[in-house]
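There are 2 protein chains.
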Amino acid sequence: MATIIDVAERAGVSVATVSRMMNNPEVVSEKTTKKIHKAMEELRYQPNAVARALQQKKSNIIGLVLPFIDYAFFSRLTDAVEEYCHAHGYKLMLCKSGEHQEREQEMFSILQANKVDGILVCSRFGDASFLKDYEFPVVSIEREIEGIPSVMADDYYGGCLAANELIAAGSKNPVILGSQVPDYLPGTKRIEGFCNECSKHGITANFCMIENDSMGKKVLENTFYEYMEKNPEIDGVFCMGDMIAAQIFTCERAYATNLYHKIPIVGFDGFEISEWMQLSTIFQPIREMGECAVDMLIKKIEGKIAPQRLVLPVNLIKRESTLRFQ
Amino acid sequence: MATIIDVAERAGVSVATVSRMMNNPEVVSEKTTKKIHKAMEELRYQPNAVARALQQKKSNIIGLVLPFIDYAFFSRLTDAVEEYCHAHGYKLMLCKSGEHQEREQEMFSILQANKVDGILVCSRFGDASFLKDYEFPVVSIEREIEGIPSVMADDYYGGCLAANELIAAGSKNPVILGSQVPDYLPGTKRIEGFCNECSKHGITANFCMIENDSMGKKVLENTFYEYMEKNPEIDGVFCMGDMIAAQIFTCERAYATNLYHKIPIVGFDGFEISEWMQLSTIFQPIREMGECAVDMLIKKIEGKIAPQRLVLPVNLIKRESTLRFQ
Chain A
889 MATIIDVAER
899 AGVSVATVSR
909 MMNNPEVVSE
919 KTTKKIHKAM
929 EELRYQPNAV
939 ARALQQKKSN
949 IIGLVLPFID
959 YAFFSRLTDA
969 VEEYCHAHGY
979 KLMLCKSGEH
989 QEREQEMFSI
999 LQANKVDGIL
1009 VCSRFGDASF
1019 LKDYEFPVVS
1029 IEREIEGIPS
1039 VMADDYYGGC
1049 LAANELIAAG
1059 SKNPVILGSQ
1069 VPDYLPGTKR
1079 IEGFCNECSK
1089 HGITANFCMI
1099 ENDSMGKKVL
1109 ENTFYEYMEK
1119 NPEIDGVFCM
1129 GDMIAAQIFT
1139 CERAYATNLY
1149 HKIPIVGFDG
1159 FEISEWMQLS
1169 TIFQPIREMG
1179 ECAVDMLIKK
1189 IEGKIAPQRL
1199 VLPVNLIKRE
1209 STLRFQ
Chain B
889 MATIIDVAER
899 AGVSVATVSR
909 MMNNPEVVSE
919 KTTKKIHKAM
929 EELRYQPNAV
939 ARALQQKKSN
949 IIGLVLPFID
959 YAFFSRLTDA
969 VEEYCHAHGY
979 KLMLCKSGEH
989 QEREQEMFSI
999 LQANKVDGIL
1009 VCSRFGDASF
1019 LKDYEFPVVS
1029 IEREIEGIPS
1039 VMADDYYGGC
1049 LAANELIAAG
1059 SKNPVILGSQ
1069 VPDYLPGTKR
1079 IEGFCNECSK
1089 HGITANFCMI
1099 ENDSMGKKVL
1109 ENTFYEYMEK
1119 NPEIDGVFCM
1129 GDMIAAQIFT
1139 CERAYATNLY
1149 HKIPIVGFDG
1159 FEISEWMQLS
1169 TIFQPIREMG
1179 ECAVDMLIKK
1189 IEGKIAPQRL
1199 VLPVNLIKRE
1209 STLRFQ
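One line per chain: the protein sequences are A and B, in this order. Numbered per our numbering, the first sequence spans residues 889 to 1214. Numbered per our numbering, the second sequence spans residues 889 to 1214.
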């Protein structure tokens, strides 16, 4: 494969001139530029992105660190981030932290050694202060971290919308079904919004919470249906994620009890399965969250002013799971 | 940040010696190695992965090119590929081709310019001959391409297993529900296996196929339920993917017709939703496909002998959707 040296030789100029033309084209004469371009074409020269990264101290690579990829929120986010990066001339290096704090830090070190221009992260650990120690910009998604720019959905308002929708469907004893998450993750805000909105209507929200570690289809199903048997007064369910609703209401017990049709249900996320199930849900714009995060990161990389905190709106999608009661 | 020059100075050796120690440690004396390590620690030296890539002509980066990421098969594959790459000292650069041939080729050029050591690809286009033109190794996933090593699931046998399971559940007029895919994609083999196995039992398989371009929840639902109304003799459904089954059998019409409980159904893939729905399905080992593909690629990169064609087994998971008829 042709190198920059071959190009210089063929064009009859110095290697430094070729390099200058590639990095600061405005300082090279038009005549010389033409000669070099001709040589490049004849030799089918492909600039070496790695060498240019070293030269320019810019790799045009963005790192994305996620707890896992194999989950609808993260795969949609990754899809949007890749697309937006590509459209703006950046490549994506993808790292999975697997919900281990050491691995999250290790991924940052690896990305740093690979001279990424910046990192997007969905951090999952209490102590995220290490994120501030890097020379390159970092943008946090789905979590606010002091000193780090962040992109969020309006989870609190999403909780309010869910409460209002269940109340409008006649619910006076709603239950929140979900997993116990740390305070800094978005679930907490959803619960707050839901409970506060209920309070405004003189209603007290109930809880059916599963420990995050023991979360799994069987545990979730058994916990929920046992809870519903013991608490026959429950007349509405707010599932903290569409995937929770999908697990609870596509199973044999859902058919057997017909619970899905007897009381109003609201989900959260707006995944496709909510459409399949005709589940009313709070839609959060995951693709746009990814796009905004890349946009903020690129602005930071390029030394421009970027938002420090950006909250995207959520909205209620009304479907049969609540409409049939209204 | 300390450079290799600072390390050489502090250790009192030449830059070439430090470089040699990093790339071919066996040629440097133990005494010198110790001196260099000490200097590195004192200076908190972090090797520059980009510079090393240039030096060693090896970046330890693997590219993964997928049509999209936001779909269960590809997000699971990506998750497994990232994990396996990391465990073997490689980083993952992720590219989405978005089902455009030009973009697939463009992604290869970008990855080439970034000096990846090799590429894994789920290619979606008739003419994939360009894949052979690269200097670095390429491994194809889910598709056989002449001259390119490939990792496949045993789709043909999966089709046979699905047919057998429906027949064992009493089906004499089964239908295949799916989208029309090009010959080189795995769906074709699934259909072949299904039809041939039916023939062995003197049964003719029926087809309810949706054009790939117009595939979407509403079209799928309408096409299927209209087909079933017009063909009341149908007594078994083979969904070519679990996601097709999920779209058809979680909707209001599924509840209204109770079709899911009236006739045996078999899916394909083994996604979580098949467990939630108690859907019998043909499980394909997606994670292992990703791992094997990375393993083959690394062997190729390192100049070792790697399989040219690798087919992973599929297996039937029996659940209520067929068990209730047996």
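Ideal placement from N, C-alpha and C gives every residue a C-beta, glycine not left out. Computed from a predicted structure; not experimentally measured.
| Asked | Found |
| --- | --- |
| Any chain A beta carbon closer than 8 Å to M1130(B) | It should be noted that the sequence gives Asp, not Met, for residue 1130(B). Chain A, which has no Cβ nearer than 8 Å to the Cβ of D1130(B), makes this no. |
| Where C983(A) meets chain B, residues with beta-carbon distance less than 8 Å | E970, H974, K979, L980 |
| Interfacial residues, the stretch 951 to 969 of chain A to chain B, with Cβ spacing under 7 Å | F956, I957, D958, S963, R964, T966, D967 |
| Enclosing beta strand (DSSP E) for A1194(A) [first to last residue] | Note, A1194(A): premise wrong, no beta strand (DSSP E); not H, not E. |
| Residues, ordered as in the chain, of the stretch 1162 to 1187 of chain A that lie near chain B by beta-carbon distance below 7 Å | E1163, W1164, M1165, Q1166 |
| Chain B contact for L1205(A) (CB, 8 Å cutoff) | The sequence shown places Ile at residue 1205(A), not Leu. For I1205(A), the answer is no, since every Cβ of chain B falls outside 8 Å of its Cβ. |
| Contact the stretch 1186 to 1196 of chain B vs the stretch 1053 to 1066 of chain B: 3+ CB pairs below 8 Å | no |
| Buried or exposed (CB count within 10 angstroms, at least 16 for buried), Q1172(B) | buried |
| Option in S947(B), G986(B), A896(B), H988(B) with minimal Cα separation from M928(B) | A896(B) |
| Partners in chain B for E879(A), counting only beta-carbon separations shorter than 7 Å | One cannot answer for residue 879(A) here, as it falls past the ends of chain A, which runs 889 to 1214. |
| Proximal chain A residues relative to Q1135(B), where beta-carbon distance stays under 7 Å | W1164 |
| Bridge-paired residues (DSSP) for C1096(A) | L1065(A) |
| Ranges of the alpha helix (DSSP H) found wholly within the stretch 1076 to 1132 of chain B, counting only runs of at least 4 | 1105 to 1118 |
| Through-space distance from Y1072(A) to E1099(B), alpha-carbon basis | 45 Å |
| Any non-hydrogen atom of the ligand NAD within 7 Å of A890(B) CB | You won't find the ligand NAD in this model; it holds no ligand whatsoever. |
| Member of V1027(A), F1024(A), C1083(A) whose CA lies at the smallest distance from the CA of D1043(A) | C1083(A) |
| Nearest-angstrom Cα separation, counted from F1159(A) out to E1208(A) | 16 Å |
| Where K945(B) falls, given that 16 or more other Cβ within 10 Å makes a residue buried | exposed |
| Short CB-CB distance (under 8 Å) between K1105(B) and chain A | yes |
| Chain E within 8 Å of I1153(A), Cβ atoms only | Of the protein chains in the structure, A and B, none is chain E. |
| Assigned secondary structure, C983(A) (DSSP; H/G/I helix, E/B strand, else coil) | strand |
| Nearest-angstrom Cβ-Cβ length linking D1021(B) and I949(B), presumed shorter than 8 Å | About 20 Å; that fails the 8 Å criterion. |
| Alpha-carbon to alpha-carbon, Q1000(A) and E992(A) | 12 Å |
| Residues near Q1068(B) by beta carbon distance below 6 Å, same chain, minus five either side | M1097, E1099, N1100 |
| Extent of the continuous beta strand (DSSP E) run through N1052(B) | N1052(B) -> not in any beta strand (DSSP E); alpha helix (DSSP H) instead, spanning 1043 to 1056. |
| Residues that DSSP places opposite L1220(B) in a beta bridge | Nothing can be reported for residue 1220(B), as the shown portion of chain B is limited to 889 through 1214. |
| Stretch-stretch touch, CB-based, cutoff 8 Å, three pairs: the stretch 1149 to 1167 of chain B with the stretch 1131 to 1138 of chain B | yes |
| For R1031(A) and G986(B), the rounded distance between their alpha carbons | 29 Å |
| Of the residues R1012(A), I1029(A), D1015(A), I1036(A), the one placed nearest E1023(A), counting alpha carbons only | I1036(A) |
| For F961(A) and V1125(B), the rounded distance between their alpha carbons | 30 Å |
| Simplified DSSP assignment, three categories, for S1028(B) | strand |
| Whole-angstrom distance between G1104(B) and S1162(B), CA atom to CA atom | 19 Å |
| Secondary structure, alpha helix (DSSP H): runs of 4+ residues fully inside the stretch 1141 to 1171 of chain A | 1147 to 1150, 1160 to 1164 |
| Short Cβ contact (8 Å threshold) for T860(A) with T920(A) | Summary: the structure shown does not reach residue 860(A), with chain A confined to residues 889 through 1214, and so no result is reported for it. |
| Which listed residue (G1014(A), T1210(A), S997(A), I1064(A)) has its alpha carbon closest to that of I1007(A) | S997(A) |
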